[in-house]
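Worksheet: one structure, shown below.
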Amino acid sequence: MKVSSRRSFMTGLAALAAMPLVQVVQARVPPTDGGTDEGIVRELYRVAEPASLDADRFVSLFASDGYFLDVPSGQQWIGPNVREPVTGLISAYPDIHRELLRFVSDDAGTVVVELRLQGTHRGDLPLPDGILRATGKTFDVRCCDVWQLEDGKVKSFHCYNSLVAFLKS
Numbered sequence: 006m007k008v009s010s011r012r013s014f015m016t017g018l019a020a021l022a023a024m025p026l027v028q029v030v031q032a033r034v035p036p037t038d039g040g041t042d043e044g045i046v047r048e049l050y051r052v053a054e055p056a057s058l059d060a061d062r063f064v065s066l067f068a069s070d071g072y073f074l075d076v077p078s079g080q081q082w083i084g085p086n087v088r089e090p091v092t093g094l095i096s097a098y099p100d101i102h103r104e105l106l107r108f109v110s111d112d113a114g115t116v117v118v119e120l121r122l123q124g125t126h127r128g129d130l131p132l133p134d135g136i137l138r139a140t141g142k143t144f145d146v147r148c149c150d151v152w153q154l155e156d157g158k159v160k161s162f163h164c165y166n167s168l169v170a171f172l173k174s
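The sequence shown begins at 6 in the numbering used here and counts up one residue at a time.
Structural data, given as structure tokens:
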């Protein structure tokens with residue numbers, strides 16, 4: 006039994022090696038163009054990355070009264086203003102990356118994502134109490150995001166992160 010399992014694994018690796026790179030990437034990364042609540046959330050993360058930043062697309066995936074709440078700071082952005090924390094983070098952390106670790110969702114439109122935020126503090130970061138000047142330090146912070154979707158649009162996005170870890174960077 007172990008031989009056939011190993012052979013299947015090796016056959017799979019050989020097939021994967023024979024695929025063009027584009028097919029390999031498509032095989033590893035699930036579609037992000039909607040259809041499911043998780044797919045919509047994956048698309049939101051994709052368009053919030055510096056290399057593929059599309060703030061208009063990010064906003065378009067929110068309901069007109071949808072909001073983004075940064076729980077530790079209490080800052081909230083509603084409607085088209087949900088772009089501000091995304092573009093603001095990229096200004097302060099131009100290499101920011103979200104490593105998506107785990108998704109949990111239900112039939113009621115709730116999607117919970119465990120992730121890590123990573124980057125280098127190279128620009129000024131606006132905070133409620135003033136501006137935090139660039140420090141040049143790197144960070145790697147575990148976070149949890151809770152999304153509520155309705156009819157294919159984000160109604161609420163609660164970001165639970167370690168503000169202390171960001172401020173130490």
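Even glycine gets a Cβ: it sits at the ideal position worked out from N, Cα and C.
* Which one of R47, G93, Y72 has the shortest CA to CA distance from G84? -> Position 79 of the sequence shown, counted from the start, is the residue given in the question as residue 84. Minimum Cα distance to G84 is reached at Y72.
* Over what stretch of residues does the beta strand (DSSP E) that includes R107 continue unbroken? -> As a first step, residue 107 must be located in the sequence shown, where it is residue number 102. Run containing R107: 102-110, per the beta strand (DSSP E) assignment.
* Mind checking V48: buried by the 16 CB within 10 Å criterion, or exposed? -> Residue mapping note: residue 48 aligns to position 43 of the sequence shown, counting from 1. Per the sequence presented here, residue 48 reads as Glu, with Val not at that position. E48 should be labelled buried.
* **T5 - DSSP class collapsed to helix/strand/coil** => The chain is shown from 6 up to 174; residue 5 falls before or after that span and cannot be answered.
* Looking at C-beta atoms only, is the number of pairs between the segment 149-157 and the segment 114-127 that lie closer than 8 angstroms three or more? -> yes
* Among residues of its own chain, excluding the 5 on either side of I45, which ones have a beta-carbon nearer than 7 angstroms to its beta-carbon? -> Position 40 of the sequence shown, counted from the start, is the residue given in the question as residue 45. Excluding positions up to five away in sequence, the list reads G39, L66, L154, G157.
* To do: Using DSSP bridges, identify the partner residues of V146.
  => Counting from 1 along the sequence shown, the entry for residue 146 is found at position 141. DSSP output for V146 lists L122 as bridge partner(s).
* **Collapsed DSSP secondary structure at L74 in the structure displayed** => Numbered from its first residue, the sequence shown carries residue 74 at position 69. Strand.
* Asked: Among residues of its own chain, excluding the 5 on either side of G58, which ones have a beta-carbon nearer than 8 angstroms to its beta-carbon?
  -> If you number the sequence shown from 1, residue 58 lands on position 53. Residue identity differs from the one stated: residue 58 is Leu in this sequence, not Gly. Within the same chain, L58 has close Cβ partners V52, V91, T92, I95.
* Could you check the C-alpha separation between R121 and L106 for me, to the nearest Å? => Stepping through the sequence shown from its first residue, residue 121 is reached at position 116. Stepping through the sequence shown from its first residue, residue 106 is reached at position 101. Their backbone Cα atoms lie some 7 angstroms apart in a straight line.
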